[in-house]
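Each residue of the sequence shown is one higher than the one before, starting from 1 at the first, in full-length UniProt numbering.
Every residue, glycine too, gets a C-beta built ideally from N, C-alpha and C.
Keep in mind the model is a prediction, meaning the values are calculated, not measured.
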Amino acid sequence: MNSDGKVVLPPGGFPAYAGMYDTGGIIPRGQFGIVGENGPEIVNGPANVTSRRRTAALASVVAGVMGVAAIPAEAAPLHPFSLPARAYQPPLAKADSPPPVIRYEINAPIHIVAQPGQNAQDIAREVARQLDERERRARAKARSNFSDQGGYES
């Protein structure tokens, strides 16, 4: 890399590579260059690359001409994602809140009267099995309501 910031390639390098243009310049037809002060962007020529600082200065002039309060735009990013990667902070982790507890109670007294030839214990097991199945379906329905509640570990 020389003092201009252009990459000097060895003989037999990339003949179509025009160099680095993060501070502006002209990329000739048939060549490509890398632009972007905060991250590489490949641009194919012919292209005239205007530096970010020059673009900000032009935007400031236009804002003044249009009567808009000219805010100094010397180093302001023109796009929210045009900052260097190190400028972005990871989102703060949300405090782990306990998952919401869904409580419901069913009060349904069941009286089992066995008929002759029936076993009361078998009937009680079948009733308990069906109640458990209904409870599982009710929990599944509560979990599948597509709201952001968390607490689906059960």
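Residue i versus the options, residue with shortest Cα-Cα distance
i    : options                   : result
I110 : P100, G117, Q118 and E126 : E126
V49  : A108, A138, A56 and G24   : G24
R134 : S60, S51, I106 and Q118   : I106
R143 : A120, V101 and I123       : V101
Assigned exposure category for residue i - 16 Cβ within 10 Å defines buried
i    : result
K141 : exposed
G33  : buried
R137 : exposed
V61  : exposed
R52  : buried
Whole-angstrom C-beta distance between residue j and residue i, which should lie under 8 Å
i   : j   : result
A47 : G30 : That pair is no contact at about 11 Å.
Residue i versus residue j - alpha carbon distance
i    : j    : result
M20  : P28  : 13 Å
N119 : R129 : 16 Å
G117 : A108 : 26 Å
A124 : V113 : 10 Å
Q121 : R139 : 27 Å
A87  : R103 : 45 Å
L58  : P98  : 52 Å
T55  : A18  : 22 Å
Q115 : D132 : 24 Å
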